[in-house]
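Visitor:
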Amino acid sequence: MPLLAAQIIWLNFVTDGFLDVALAMEPKEKGLMQGKFERPKKWIVDGLMAQRMFLMALPMAIGTLYLFKGYFETDITKALTISLTTLAVFQWFNAWNCRSESKSIFQMNPLSNKFLVGATVIVIFLQFAALYTPFLQKILHTTPLSLSEWLIIIPIAGSIILVEEIRKFFYRRKLI
1106 MPLLAAQIIW LNFVTDGFLD VALAMEPKEK GLMQGKFERP KKWIVDGLMA QRMFLMALPM
1166 AIGTLYLFKG YFETDITKAL TISLTTLAVF QWFNAWNCRS ESKSIFQMNP LSNKFLVGAT
1226 VIVIFLQFAA LYTPFLQKIL HTTPLSLSEW LIIIPIAGSI ILVEEIRKFF YRRKLI
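Be aware that the sequence shown starts at 1106, since it is given in my numbering, and climbs by one per residue.
Below, the structure written as structure tokens:
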């Protein structure tokens, strides 16, 4: 991925860290403890999990590399900033996708996990700080993004919702 070491650390600890903790606070799904339980015979990452990881990684990689390529030749700092921000926005959307293995994001009450709402607001604020405050710009090698650049990043990153909704549709019908 076209990122600097400091930017990778930023994504892992700041963006993902807040969202991961918030997802741990997700209210339990109804019927979670009902059903037949057997001794686990699966690997931590089984075929279904590997398939899901691939389905999530593919649009993230394609979208990020596409935007990076558009700026790479003319402004490497802008290209790196767009890559960092695109991956961060993908993670924001994907955190909301991860609330349920099978239930559509549109069927869930967005306010049922106030921790996730708060964490999302915090990471958006922190990403803006990374782009628009000189101190963090220097550490992360970022530059401000224009509104038009945000309007390109958001729908590309939002494509992760469509990909996951399609996966959940087939999952609910036991086709995958």
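By construction, the Cβ of each residue, glycine as well, lies at the ideal position given by its N, Cα and C atoms.
In this text, all values refer to a predicted model and were calculated from it rather than measured experimentally.
Counting along the chain, where does the alpha helix (DSSP H) carrying Q1212 start and finish?
Guide: Residue 1212 sits at position 107 when you count from the first residue of the sequence shown. No alpha helix (DSSP H) contains Q1212, which DSSP labels as neither H nor E.
Visitor: Flag this pair as yes or no: are the beta carbons of N1218 and E1131 separated by less than 7 Å?
Guide: Reading the sequence shown from its first residue, position 113 is the one you call residue 1218. Reading the sequence shown from its first residue, position 26 is the one you call residue 1131. Closer than 7 Å, so yes.
Visitor: If we call anything under 7 Å between Cβ atoms a contact, is L1192 one with T1169?
Guide: Within the sequence shown, residue 1192 is the residue found at index 87, counting from 1. Within the sequence shown, residue 1169 is the residue found at index 64, counting from 1. Yes, the pair counts as a contact, with Cβ atoms nearer than the cut-off.
Visitor: Taking Cβ to Cβ, would you say Q1112 is nearer than 7 Å to L1189?
Guide: Position 7 of the sequence shown holds residue 1112. Position 84 of the sequence shown holds residue 1189. Yes. Within cutoff.
Visitor: Tell me whether P1164 is buried or exposed, calling it buried when 16 or more other Cβ atoms sit within 10 Å of its Cβ.
Guide: Position 59 of the sequence shown holds residue 1164. Answer is buried; the Cβ neighbour count reaches 16.
Visitor: Pick helix, strand or coil for E1178, following the three-state DSSP scheme.
Guide: Taking the sequence shown and counting its residues from 1, one reaches residue 1178 at position 73. Note: E1178 maps to coil in three-state DSSP.
Visitor: Determine the closest residue to W1255 out of G1152, N1117, I1187, L1108, with distance taken between C-alpha atoms.
Guide: Locating residue 1255 in the sequence shown gives position 150, where the first residue counts as 1. The shortest C-alpha separation from W1255 is found at I1187.
Visitor: So the candidates are T1179, A1127, I1210, V1126; which of them puts its Cα closest to the Cα of G1263?
Guide: Taking the sequence shown and counting its residues from 1, the one referred to as residue 1263 is at position 158. Out of T1179, A1127, I1210, V1126, I1210 has the C-alpha closest to the C-alpha of G1263.
Visitor: Taking the C-alpha atoms as reference points, what is the distance between L1245 and A1235?
Guide: For the purposes of this step, residue 1245 is taken as the residue at position 140 of the sequence shown. For the purposes of this step, residue 1235 is taken as the residue at position 130 of the sequence shown. Our two residues, L1245 and A1235, have alpha carbons roughly 7 Å apart in a direct line.
Visitor: Since L1128 and L1221 should fall inside the 8 Å C-beta cutoff, what is the C-beta to C-beta distance between them, to a whole number of angstroms?
Guide: Counted from its first residue, the sequence shown places residue 1128 at position 23. Counted from its first residue, the sequence shown places residue 1221 at position 116. So it is a contact: roughly 6 Å between Cβ atoms.
Visitor: Where does E1254 fall in DSSP's three states?
Guide: The residue given as residue 1254 occupies position 149 in the sequence shown. Reduced to three states, the DSSP call for E1254 is helix.
Visitor: I'd like to check one pair, I1271 with N1199: are the Cβ atoms closer than 7 Å?
Guide: Position 94 of the sequence shown, counted from the first residue, corresponds to residue 1199. Position 166 of the sequence shown, counted from the first residue, corresponds to residue 1271. Between N1199 and I1271, the gap from beta carbon to beta carbon reaches 7 Å or more.
Visitor: Could you tell me the distance, in whole angstroms, from the CA atom of L1124 to the CA atom of W1197?
Guide: One-based indexing of the sequence shown puts residue 1124 at position 19. One-based indexing of the sequence shown puts residue 1197 at position 92. C-alpha separation (whole angstroms): 8 Å.
Visitor: Could you check the C-alpha separation between A1155 and G1122 for me, to the nearest Å?
Guide: As a position in the sequence shown, residue 1155 is number 50, starting the count at 1. As a position in the sequence shown, residue 1122 is number 17, starting the count at 1. Each residue's Cα considered, the two are about 22 Å apart.
Visitor: Tell me whether R1278 sits in a helix, a strand or coil according to DSSP, three-state version.
Guide: Translated into the one-based positions of the sequence shown, residue 1278 becomes position 173. Here R1278 sits in coil by DSSP.
Visitor: Please list the segments of the alpha helix (DSSP H) lying wholly inside the region 1220 to 1254, counting only runs of 4 or more residues, in order along the chain.
Guide: 1239 to 1245
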